[in-house]
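Protein chains in written order, with our numbering: chain P, 21 to 221; chain E, 21 to 221.
Report on the following structure.
Number of protein chains: 2
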Amino acid sequence: MEYTKPLARLIEHFQKLPSIGPKTAMRLALYIVKMSQNEVENFSNALLEAKTKISYCSNCFNMSCSDPCEICSDQTRNKSIICVVGETKDLMAIEKTNEYHGLYHVLQGLISPLDGIGPDDIRVKELLFRVNQNNIKEVILALNPSVEGEATSLYLGKLLKPFNIKITRIAFGLPMGAELEYADEMTLARALEGRVEISLA
Amino acid sequence: MEYTKPLARLIEHFQKLPSIGPKTAMRLALYIVKMSQNEVENFSNALLEAKTKISYCSNCFNMSCSDPCEICSDQTRNKSIICVVGETKDLMAIEKTNEYHGLYHVLQGLISPLDGIGPDDIRVKELLFRVNQNNIKEVILALNPSVEGEATSLYLGKLLKPFNIKITRIAFGLPMGAELEYADEMTLARALEGRVEISLA
C-alpha cells in the first residue's frame with residue numbers, strides 16, 4: 021500500500037531526524053494530521069524561525085540568536101574560566117546543573133581520525149586565540165568519556181600547557197545512585213584512578 | 021539557563037508529539053538548526069501540506085487526500101468484505117502484509133468507558149449503515165487484543181449479528197518467531213483457546 025503523498029512526504033522528513041525510525045515517523049505524521057490547523061502552523065513556523073534566527077556565537081560557538089551569545093555577554097559570569105565542550109547540547113547539560121558560572125567554548129565536534137575529523141575541523145584554533153588574548157586562569161575540559169573525547173582532551177592539554185594556566189578535566193567515576201556491583205570495569209577503573217582523599221575534620 | 025527563545029519554542033513543539041521527551045525534543049531541535057535552510061523549509065512545508073490536504077474518507081474514515089479514499093475507489097478490491105480497525109495506523113499495518121484486498125472501516129477509536137469513550141463517539145453507526153446498504157458478505161474485526169479492543173469487538177459482534185453475514189476476528193496467539201517458554205500466560209491461553217485442527221492429507 022502506498023501512503024497518500026503528503027503523508028509519505030511528512031513521514032520521510034520525520035525519518036531524517038536522529039533516533040526516529042519508520043514506525044515512529046509514521047506515528048508522528050499521523051499525530052500531526054490530527055492536531056489542530058493552528059498548532060501545525062505554529063510548529064511549522066517554529067521550525068523556520070529556529071533555523072533562520074539561530075546562529076553561532078563568534079566567540080564561543082554556542083548556538084544563539086545574538087552575537088556574542090547570552091552567556092558571553094552576561095556581565096555576571098566569571099570571564100577567567102572557560103569550560104570546553106564538544107557540542108551545544110553538552111553546554112546545555114552543564115548549564116542545567118546551575119553549578120558553573122564561567123564561560124564556554126563549544127568545539128563543534130571531537131577529534132576522530134576514523135571519521136576523518138582532525139584538529140583543524142573543530143574550533144581548536146579559536147580556543148587558543150581566546151586563551152592567548154584574554155586573561156584566562158583556568159580551562160576545564162568537559163568532553164565525553166569516549167575514545168574521541170579522551171583523544172581531544174589529551175591534544176588540547178598539550179596545546180594549552182605552554183600558557184601556564186590551570187587545566188582541569190571533569191571527574192569520571194560512578195554516577196550518583198549507581199551500585200558498585202553493576203558498574204562496568206572501565207568506569208570502576210576510572211573511579212579508582214580518580215580517587216580523592218577524604219578530609220577528616 | 022534559558023534556551024534562546026526560538027530554540028525553546030521549537031523544543032516545546034517537538035515535546036508535544038507522542039513519545040518525544042524533553043531530551044529527545046532538545047536533540048531534534050538542535051538537529052534542525054544544523055540542517056540546511058532548504059531542508060528545514062521543505063520540512064516546514066510538509067507539515068502544513070499534510071495538515072491541509074489530508075482529510076478523512078466519508079465512507080471508511082481512512083485518512084486520505086481524496087474522498088472516497090484510494091482504497092474505497094479502487095475497482096480491483098473486493099467490495100463485499102470490510103475489515104474493521106481502530107485507527108488509520110492499524111489499516112496501514114494490515115495493508116503492508118499485502119494479504120488483504122477488501123475494504124476497511126476505521127472506527128477512529130475504541131470503546132473505553134474509563135476514558136469516557138462510548139459507542140457514539142466512534143464510527144459505529146457509519147459501519148452499520150455500510151453493512152446495511154451494501155452487499156457485504158463478511159466483516160473482519162481487527163481490533164487490538166486489549167480490554168478496549170475486546171469490549172468493542174464484543175459490542176460490534178452483537179450489533180452485526182442480525183445482518184446474517186459472516187463475522188470474524190483476527191487470530192490471537194503466539195507471534196511468529198516467539199518461544200513458548202517466554203510467552204506470557206494471557207497470550208498462551210488465547211493461543212490454546214484458538215487452536216486449529218491440523219489437516220493431515
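Positions of the beta carbon are idealized from the N, C-alpha and C atoms, including for glycine.
Fair warning: this is a prediction, and the values are worked out from it, not measured in the lab.
Using the Cα positions of residue i and residue j, report the straight-line distance between them to the nearest angstrom.
i	j	result
P/L212	P/A203	12 Å
P/N79	P/R189	21 Å
P/K116	E/I52	21 Å
E/V96	E/L123	According to the sequence displayed, residue 96 of chain E carries Thr and not Val. Cα-Cα distance, rounded: 11 Å.
P/F34	P/A209	41 Å
E/L147	E/H125	7 Å
P/E107	P/C89	15 Å
P/I31	E/M112	13 Å
P/V151	P/I142	16 Å
E/L180	E/N155	14 Å
P/S132	P/T172	8 Å
E/E199	E/E205	13 Å
E/R47	E/V216	49 Å
P/M196	E/I40	25 Å
E/K99	E/C92	8 Å
P/F192	P/G214	7 Å
P/Q57	E/N118	33 Å
E/K73	E/N62	16 Å
P/P38	E/M55	12 Å
E/L194	E/D135	29 Å
E/G129	E/Y76	14 Å
E/L127	E/R29	34 Å
P/G138	P/D87	27 Å
E/K178	E/G169	14 Å
P/K43	E/K36	18 Å
P/T24	E/S219	42 Å
P/F81	P/V167	23 Å
E/I114	E/L174	21 Å
E/D94	E/F149	20 Å
P/T207	P/E201	12 Å
P/A225	E/A45	There is simply no residue 225 of chain P to check, as chain P begins at 21 and stops at 221 in what is shown.
At 9 Å on the CB atoms, spell out the chain E contacts of residue i, in chain order.
i	result
P/N62	R29 and H33
P/S166	Correct list: empty, because the minimum Cβ distance to chain E is about 17 Å.
If the cut is a Cβ gap below 9 Å, which residues of chain P does residue i touch?
i	result
E/C85	T24, K25, P26 and L27
E/S39	T44, R47 and L48
Looking at C-alpha atoms only, which residue of the options is the closest neighbour of residue i?
i	options	result
P/D110	P/R215, P/D94 and P/P165	P/P165
P/I101	P/I74, P/A162 and P/R143	P/A162
E/K145	E/G136, E/V104 and E/I185	E/V104
P/A66	E/L194, E/K71 and E/V60	E/V60
E/I160	E/I218, E/Y120 and E/L134	E/Y120
E/A70	E/Q57, E/C77 and E/S84	E/S84
P/S64	E/A49, E/K54, E/C77 and E/I187	E/A49
P/Q153	P/P139, P/I137, P/G138 and P/F183	P/F183
P/D140	P/K157, P/L176, P/E158 and P/K36	P/L176
P/I187	P/L68, P/E158, P/V167 and P/K36	P/E158
E/L68	P/F81, P/P26 and P/L174	P/P26
What does residue i reach in chain P if we use C-beta pairs closer than 7 Å?
i	result
E/L67	L30, I52, V60, F63 and S64
Can you name the residues of chain P whose CB is closer than 8 Å to the CB of residue i?
i	result
E/T108	L50
Residues of chain E with a CB under 8 Å from the CB of residue i: which are they?
i	result
P/Q57	K71 and T72
Measuring only from the beta carbon, is residue i closer than 6 Å to any heavy atom that is part of the ligand SAH?
i	result
E/E213	You won't find the ligand SAH in this model; it holds no ligand whatsoever.
Segments of 4+ residues assigned as alpha helix (DSSP H) that fall wholly inside the region 24 to 69 of chain P: 25 to 36 and 42 to 54
What residue ranges within the region 180 to 217 of chain E form continuous alpha helix (DSSP H) runs of no fewer than 4 residues, ordered along the chain? 205 to 213
Report the residue ranges of all beta strand (DSSP E) runs contained in full by the region 82 to 127 of chain E; include only those spanning at least 3 residues, in chain order. 98 to 105 and 122 to 126
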